[in-house]
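In the numbering used here, the protein residues as written are 1 to 325.
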């Protein structure tokens with residue numbers, strides 16, 4: 001292991017409050033992460049946000065990922081001075097693609113103005129079980145693969161034209177599952193044919209529209225992998241790469257969620273996700289957990305040559321991606 005290796009290179013970290021604590025600043029200066037996930041509690045107004053973004057870049061790199069979940073509907077982290085979105089159901093039933101496109105463009109303009117370079121959207125899950133999977137409430141564009149694909153493509157196009165990277169989620173498709181991965185390990189008993197012909201159609205459309213990243217979710221789908229949820233499944237990653245043709249980064253959903261921590265420490269979860277083929281891992285809070293994950297990756301690299309080789313290959317792939325930010 002070389003001295004220049006940085007195990008935080010694969011992590012997107014978050015923190016509480018309008019500015020990072022001294023402890024967090026010390027962490028990211030010693031182990032600069034790939035980027036940061038900003039949430040509602042990190043935002044007061046545009047001036048404060050621009051200052052925060054500049055400070056994070058100064059502490060790490062100009063090529064740092066600065067991501068936010070700025071979806072239409074319930075999960076819209078930046079409000080106040082940002083354009084207010086209607087629920088996806090409104091755009092489906094009334095506003096249409098034209099009104100949605102206008103919101104996407106205005107939002108992307110403001111994100112770019114603030115220095116943010118990644119939106120963790122669009123949600124392209126098909127919400128087929130009304131009320132059963134509450135995580136998709138007021139977030140999904142319905143259960144019609146063609147319509148969901150259209151709205152996803154519009155978001156990708158508008159943000160890309162403003163220089164903001166996008167990320168389709170939540171592969172392999174939360175709509176067929178039960179349980180909220182924030183609280184439990186979600187499970188889907190859909191068949192592989194159902195995933196291929198139905199749930200993955202909007203993901204395929206997003207990839208064909210040149211979405212840069214895809215996010216997986218903490219969902220066990222025995223038809224894909226009987227033992228591992230998508231976060232830890234090389235089978236799920238293989239389907240993304242080989243069945244759907246995705247070539248960009250694959251991002252885990254937040255490893256702080258209970259669905260990712262069923263039987264694993266945060267360090268074990270980070271290792272398993274990287275071994276499965278993920279390029280970037282989100283750990284949105286709790287600096288102690290973030291330190292544990294960094295230390296676990298560092299230790300594994302020191303004793304496992306195959307893991308170290310994987311880490312070096314991942315570093316090279318991420319370098320290409322970050323150079324394009």
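C-beta: ideal position from N, C-alpha, C; glycine also.
Asked                                                                                                                                                                              : Found
In the DSSP assignment, find the unbroken beta strand (DSSP E) run with residue 171 in it and report its ends.                                                                     : 165-171
Beta carbon of residue 223, beta carbon of residue 191: below 7 Å?                                                                                                                 : yes
Give me the Cα-Cα distance between residue 5 and residue 31, rounded to the nearest whole angstrom.                                                                                : 10 Å
To the nearest angstrom, how far is it from the Cα of residue 310 to the Cα of residue 275?                                                                                        : 8 Å
What residues match up with residue 183 in a beta bridge as DSSP calls it?                                                                                                         : None; residue 183 has no bridge partner.
Of the residues 159, 109, 86, 183, which one's Cα is nearest the Cα of residue 255?                                                                                                : 183
Kindly indicate the opening and closing residues of the alpha helix (DSSP H) around residue 214.                                                                                   : Taken as a continuous stretch (DSSP letters only), residue 214 belongs to no alpha helix (DSSP H), being part of the beta strand (DSSP E) at 213-216.
From the DSSP output, in three-state form, read off residue 111 for me.                                                                                                            : helix
May I ask which residues mark the beginning and end of the beta strand (DSSP E) holding residue 65?                                                                                : 65-68
Could you check where the alpha helix (DSSP H) with residue 52 kicks off and where it finishes?                                                                                    : 46-59
Under a Cβ-count criterion, where at least 16 other Cβ atoms within 10 Å of its own Cβ denotes burial, should residue 226 be classed as buried or exposed?                         : exposed
For residue 325, I'd like the list of residues in its chain whose CB is within less than 6 Å of its CB, leaving aside the five on either flank, ordered along the chain.           : 63, 117
Output the residue ranges of the alpha helix (DSSP H) runs that lie fully inside the region 257-296 and measure 4 residues or longer, sorted by chain position.                    : 266-276
Please report the Cβ distance between residue 177 and residue 188, rounded to the nearest whole angstrom; I am assuming they are in contact, meaning their Cβ atoms lie under 8 Å. : 4 Å
Let me make sure I understand the geometry here. Which of 84, 71, 151, 81 has the alpha-carbon closest to that of residue 98?                                                      : 151
Classify residue 259 as buried or exposed, calling it buried when 16 or more other Cβ atoms lie within 10 Å of its own Cβ.                                                         : buried
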